[in-house]
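Residue 560 is where the sequence shown ends in this note's numbering, and the numbering goes up by one at each step. Each residue gets a CB set at the ideal place from its N, CA and C atoms; glycine is no exception. None of the values given here were measured: they were computed from a predicted structure.
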Amino acid sequence: MKKTELYQRAIEYFEEAMPVAETELNYTTPFELLVAVILSAQCTDKRVNMVTPDLFARYPDAHELSQAHPDEVFNYIKSISYPNNKAKHLVGMAQKLCSDFQGEVPETLDELVTLPGVGRKTANVIQSVVWGKSAMAVDTHVFRVSHRIGLVPKRCTTPYSVEKELMKYIPHDIVPKAHHWLILHGRYVCKARTPECNRCGLAPLCKEHQKQAKNPAKE
Numbered sequence: 342m343k344k345t346e347l348y349q350r351a352i353e354y355f356e357e358a359m360p361v362a363e364t365e366l367n368y369t370t371p372f373e374l375l376v377a378v379i380l381s382a383q384c385t386d387k388r389v390n391m392v393t394p395d396l397f398a399r400y401p402d403a404h405e406l407s408q409a410h411p412d413e414v415f416n417y418i419k420s421i422s423y424p425n426n427k428a429k430h431l432v433g434m435a436q437k438l439c440s441d442f443q444g445e446v447p448e449t450l451d452e453l454v455t456l457p458g459v460g461r462k463t464a465n466v467i468q469s470v471v472w473g474k475s476a477m478a479v480d481t482h483v484f485r486v487s488h489r490i491g492l493v494p495k496r497c498t499t500p501y502s503v504e505k506e507l508m509k510y511i512p513h514d515i516v517p518k519a520h521h522w523l524i525l526h527g528r529y530v531c532k533a534r535t536p537e538c539n540r541c542g543l544a545p546l547c548k549e550h551q552k553q554a555k556n557p558a559k560e
């Protein structure tokens, strides 16, 4: 199957199976989403959503958070992975927003990655979810699912190389939705340790599934 046909059939499947695909992080403002995404690094969205209500109530905007001490922020996020570093990043991020961006979340990749705790993946999430831009954030789910299905070749060994490959074939107007398709598919169906191929409509197209079918694990 040609790569373009694989992408087309995968997109058709997701359009039907997952017509609505959105972030599972709870937020009401761009600032809240930025905080939540920073917290979600190597942590589940479910856990993040458990701590952000109190955090947002105490620090509703960049100005309030910029005046906090990391130790105080730590008390709100201590159940999150790497709370010490993330507390420092959140305060530094808020201070940078206030000093350089009038307290508002910027729109461009170059501006976003100047913020403490914000790398390319986080910046792409903000660009995509908040501003509706054609930006593909590659997390562990996107990386795994893209390789398993065969959307990207084995030579794509970094998140950036996967991002570039996906952007070649996914129509730019659906990239924001496609990002969530791949995340949610990886989170609930194409799981890391036990992929549920029996309920995956992409199994007939999937490179990894075909490989496993030809070479089943020995008892």
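Boundaries for E448: no alpha helix (DSSP H) harbours it, and the DSSP string shows neither H nor E there.
Its chain contains A435, Q436, C439 as the residues whose beta carbon lies nearer than 6 Å to that of S407, once the 5 sequence neighbours on both sides are disregarded; these appear in chain order. For K518, the enclosing alpha helix (DSSP H) covers residues 516 to 529. Sorting R350, M391, Q551, I511 by C-alpha distance to the C-alpha of Y368 places M391 at the top.
Going by DSSP, L507 is part of the alpha helix (DSSP H) stretching over 500 to 510. Under the three-state reduction of DSSP, S469 is assigned to helix.
Using a 10 angstroms sphere on the CB of E504, the tally of other CB atoms reaches 16 or more, which defines it as buried. Short of 6 Å from the beta carbon of F397, and not among the five residues preceding or following it, lie these beta carbons of its own chain, in chain order: E373. Looking at the backbone, the Cα of R534 and that of Q468 are separated by about 30 Å.
Counting only the Cα atoms, L525 lies some 25 Å from T449. Ranked by Cα distance from T498, the options I511, V479, K509, Y510 are led by V479.
Apart from the 5 residues on each side of it in sequence, V454 sits with its Cβ closer than 7 Å to the Cβ of G460, R461, A464 in its chain, given in chain order.
In the displayed model, K387 falls within a helix according to three-state DSSP.
Only exposed fits M342, as fewer than 16 other CB atoms lie within 10 angstroms of its CB.
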